[in-house]
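Student: Respectively, the protein sequence lines represent chains V and U. The numbering used here applies: residue 71 is where the first sequence begins, and numbers increase by one. The numbering used here applies: residue 71 is where the second sequence begins, and numbers increase by one. The C-beta atom is built at its ideal place from N, Cα and C for all residues, glycine as well. Attaching a single structure in structure tokens format; questions to follow.
2 protein chains.
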Amino acid sequence: MTDGTSSRQVTRGREHAPLLEHCPLFEGVDPSDLEILVQSALHRVVKRGGFFFLEGDSPAEIYVLVTGKVRLVRSGPLGREVIVGFVEPGEPFGYVAAWAGTSHPVSAQAAQESRALVWGVLTIARFMAQHPRMAIRGLRLMAERVEGSWDRLQELATGRIEWRIARALLRLAHLTGRATEPGSAVALEVREQDLAELVGSTAYTVSRILAAWKRAGLVDARREHILIREPLKLRGIAQVAPR
Amino acid sequence: MTDGTSSRQVTRGREHAPLLEHCPLFEGVDPSDLEILVQSALHRVVKRGGFFFLEGDSPAEIYVLVTGKVRLVRSGPLGREVIVGFVEPGEPFGYVAAWAGTSHPVSAQAAQESRALVWGVLTIARFMAQHPRMAIRGLRLMAERVEGSWDRLQELATGRIEWRIARALLRLAHLTGRATEPGSAVALEVREQDLAELVGSTAYTVSRILAAWKRAGLVDARREHILIREPLKLRGIAQVAPR
DNA sequence: CGAACACTTGAACCTAATCAATGAGTGTGG
DNA sequence: CCACACTCATTGATTAGGTTCAAGTGTTCG
């Protein structure tokens with residue numbers, strides 16, 4: 071845990087309407103309305119390791135990541151942490167506490183220097199009341215999140231770390247979304263530690279498994295970089311996995 | 071897996087407005103409007119073991135459980151299943167596929183004979199467009215679901231089956247919501263198998279652990295019934311759990 | 001009454017966590 | 001620019017916690 075608030079900067083958000091137009095939450099909203107929304111946003115920058123908000127922080131703003139990458143971390147007893155997910159540019163975060171009206175169930179930590187737009191819940195809620203389209207999009211997004219969580223629940227519950235790591239890698243690959251022609255290599259930037267916290271395991275185990283995959287030519291890895299050489303074979307491991 | 075559709079009955083829904091008024095999704099909606107909504111609902115009954123819908127079923131209706139209890143099950147490779155959650159009367163289900171516009175990510179199986187109201191997505195969507203309040207409530211509900219899933223993710227990822235079972239029991243106790251004066255005994259109706267699928271374990275292990283707790287006087291159990299004698303001690307196990 | 005279902009318990013096995021120690025890559029400040 | 005501190009990654013040895021297999025008891029229901 072690095073320092074939380076010290077690395078924050080706050081400014082007015084401008085000139086981000088173009089970006090927002092293509093992000094799932096705002097798709098279909100009239101550009102001029104969007105402009106208004108953007109004008110009312112704050113603009114926050116957090117350095118690598120810093121936090122947008124901490125688990126337990128009280129109510130609640132909604133963020134949309136502009137650049138960088140954010141880790142949503144939940145810490146358990148004994149300091150074991152679980153990464154609930156990563157946020158990529160264009161995606162919203164902080165919405166769970168915002169809508170549920172509770173304190174944040176996770177911390178949002180910058181995995182790289184990151185900038186985000188911020189609104190108070192009320193602003194968004196009012197905007198949604200006037201733009202039902204957006205409310206529906208919001209519902210849709212949340213539904214997708216629920217679905218994603220259920221996927222992962224399933225995974226965690228049913229075993230074999232090897233699959234889980236394989237899946238996590240594939241998910242990340244898909245998320246980061248470099249032109250993934252089926253079968254072509256994909257490069258990722260993750261710490262093995264993160265991978266471990268993503269699949270509910272330890273860095274040790276991840277290291278071992280990656281080592282094995284490297285030997286087999288499936289992947290290649292150096293500090294914070296993983297190159298998936300054979301996505302198809304990885305997919306094979308992820309799917310039914312022979313015992 | 072029992073037969074899916076054979077045990078279904080369909081009728082028009084009537085006289086359920088009173089119930090709906092007190093369920094989270096419709097809270098705050100004008101009673102007369104609610105009446106209209108109820109009129110447009112179908113009414114479906116499913117016997118124990120039957121399904122409202124199956125994982126993979128294509129689009130999508132939204133259900134609200136009236137009586138009974140529903141298991142949301144997700145099946146994994148090798149037939150291992152995970153219970154994603156239980157639905158109690160008054161709660162909606164089926165909404166994830168409905169909003170995400172995908173096929174159902176889980177099966178909805180009646181744990182007891184159950185009746186539910188059903189609407190097509192379009193009906194609900196139109197209704198929401200006219201009642202933004204309800205859209206917001208929907209968001210809130212989903213947010214709570216996400217939060218719940220994250221809780222469980224955390225749990226599954228970090229450890230100790232003993233805790234997980236303890237927590238599952240406490241969660242169920244809270245969900246079922248008999249007047250839980252802190253410390254008083256609570257009765258549950260669950261199969262140990264269900265408990266296992268809830269915490270990502272096996273019926274064997276659950277049996278063993280319950281046996282131990284019985285010996286210690288913490289709980290009491292007979293076929294499909296678990297009585298929590300000492301909620302506080304159970305809470306102790308659930309929390310930090312000495313290694 | 002018989003069949004299906006829920007639960008129990010012992011014994012063997014095995015995956016992945018833990019402990020311990022070390023190496024390699026990055027960045028910072030004197 | 002080099003040394004030191006840090007973070008990230010690696011690998012072997014050990015072991016605990018939980019799954020699996022197998023066999024069996026007790027209940028409920030048609």
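Taking C-beta pairs closer than 7 angstroms, name the residues in chain U that D220(V) reaches, listed in chain order.
Tutor: According to the sequence provided, residue 220(V) is Trp. The question's Asp does not apply to it. Correct list: R144, V154, P175, V176, S219.
Student: Assign A273(U) to one of three DSSP states: helix, strand, or coil.
Tutor: In the structure shown, A273(U) sits in a helix (DSSP, three-state: H, G or I).
Student: Would you tell me roughly how many angstroms separate the C-alpha atoms of P140(V) and Q200(V), rounded to the nearest one?
Tutor: A small fix is needed here, since residue 140(V) is Val in this sequence, not Pro. Near 30 angstroms, if we compare the C-alpha coordinates of Q200(V) and V140(V).
Student: Does DSSP put L209(U) in a helix, a strand or coil?
Tutor: Secondary structure at L209(U): helix, using DSSP grouped into helix, strand and coil.
Student: Would you kindly work out how many angstroms separate the C-alpha atoms of V154(U) and P202(V), rounded to a whole number?
Tutor: If I take the Cα positions, the gap works out to 30 angstroms.
Student: Name the residues in the region 194-219 of chain V whose C-beta lies less than 8 angstroms from a C-beta of chain U; which are they?
Tutor: A195, M198, A199, P202, A205, I206, G208, L209, R210, M212, A213, E214, R215, V216, E217, S219
Student: Give me the DSSP bridge partner(s) of D221(U).
Tutor: Its beta-bridge partners do not exist; DSSP assigns none.
Student: Looking only at its chain, what residues have a beta carbon closer than 7 angstroms to the beta carbon of A255(V), apart from the 5 residues adjacent to it on each side?
Tutor: L297, I298, R299
Student: Select from P175(U), G138(U), G190(U) the residue whose C-alpha is nearest the C-alpha of V115(U).
Tutor: G138(U)
Student: From this set, R207(U), P301(U), A236(U), which residue's C-alpha is nearest A308(U)'s C-alpha?
Tutor: A236(U)
Student: In this structure, does DSSP put P162(V) in helix, strand or coil?
Tutor: strand
Student: Where does Q109(U) land, buried or exposed, given buried means 16+ other C-beta within 10 angstroms?
Tutor: exposed
Student: Does the Cβ of S102(U) have 16 or more other Cβ atoms within 10 Å, making it buried, or fewer, making it exposed?
Tutor: exposed
Student: Start and end of the alpha helix (DSSP H) containing L95(U)?
Tutor: For L95(U), there is no enclosing alpha helix (DSSP H), as DSSP marks it with neither H nor E.
Student: Between F122(U) and F163(U), is the Cβ-Cβ spacing less than 9 angstroms?
Tutor: yes
Student: Measure the alpha-carbon distance for I132(V) versus L245(U) and round it to whole angstroms.
Tutor: 29 angstroms
Student: Spell out whether any CB of chain U is found under 9 angstroms from the CB atom of T75(V).
Tutor: Note that T75(V) scores a pLDDT of 41, beneath 50, so its modelled location is shaky and nothing firm can be said.
Student: Assuming I231(V) and S173(V) are in contact, meaning their beta carbons sit under 8 angstroms apart, how far apart are those beta carbons, in whole angstroms?
Tutor: That belief does not hold up - the Cβ atoms of I231(V) and S173(V) are roughly 32 angstroms apart, past 8 angstroms.
Student: Can you tell me which of H92(V), L209(V), A205(V), L223(V) puts its alpha carbon nearest to the alpha carbon of E267(U)?
Tutor: Out of H92(V), L209(V), A205(V), L223(V), L223(V) has the C-alpha closest to the C-alpha of E267(U).
Student: Hey, out of L302(U), Y165(U), V157(U), whose CA is closest to R210(V)'s CA?
Tutor: Y165(U)
Student: For F197(U), which beta-bridge partners are listed by DSSP?
Tutor: Partner(s): none; F197(U) has no beta bridge.
Student: Indicate whether the contact test is met: 3 or more Cβ pairs, each with one atom in the region 207-221 of chain V and one in the region 179-187 of chain V, closer than 8 angstroms.
Tutor: Taking a contact to require three or more Cβ pairs closer than 8 angstroms, the region 207-221 of chain V and the region 179-187 of chain V do not qualify as touching.
Student: For L90(V), count the other beta carbons within 10 Å of its own beta carbon; 16 or more makes it buried, fewer makes it exposed. Which is it?
Tutor: L90(V) comes out buried.
Student: How would you write the range of the beta strand (DSSP E) that A180(V) sits in, first residue to last?
Tutor: Residues 177-190.
Student: Could you tell me the alpha carbon to alpha carbon distance between L135(V) and S177(U), rounded to whole angstroms?
Tutor: 34 angstroms
Student: What do you get for D100(V), buried or exposed, if any count of 16 or more other CB atoms within 10 angstroms of its CB means buried?
Tutor: exposed
Student: When you compare the CB of Q263(V) with every CB in chain U, is at least one pair closer than 9 angstroms?
Tutor: no
Student: In the DSSP assignment, find the alpha helix (DSSP H) that holds S102(V) and state where it starts and stops.
Tutor: 101-109
Student: What three-state label does DSSP hand G306(V) in the structure shown?
Tutor: helix
Student: L317(V) lies in the alpha helix (DSSP H); which residues open and close that run?
Tutor: For residue 317(V) there is no data in the structure shown, the boundaries of chain V being 71 and 313.
Student: Please list, in chain order, all residues of the same chain as L280(V) whose beta carbon is under 7 angstroms from its beta carbon, the five residues on each side excluded.
Tutor: For L280(V), the CB contacts under 7 angstroms within the same chain, skipping 5 residues up- and downstream, are E262, V289, A291 in chain order.
Student: Looking at C-alpha atoms only, which residue of F197(V), L112(V), L142(V) is the closest neighbour of L124(V)?
Tutor: L142(V)
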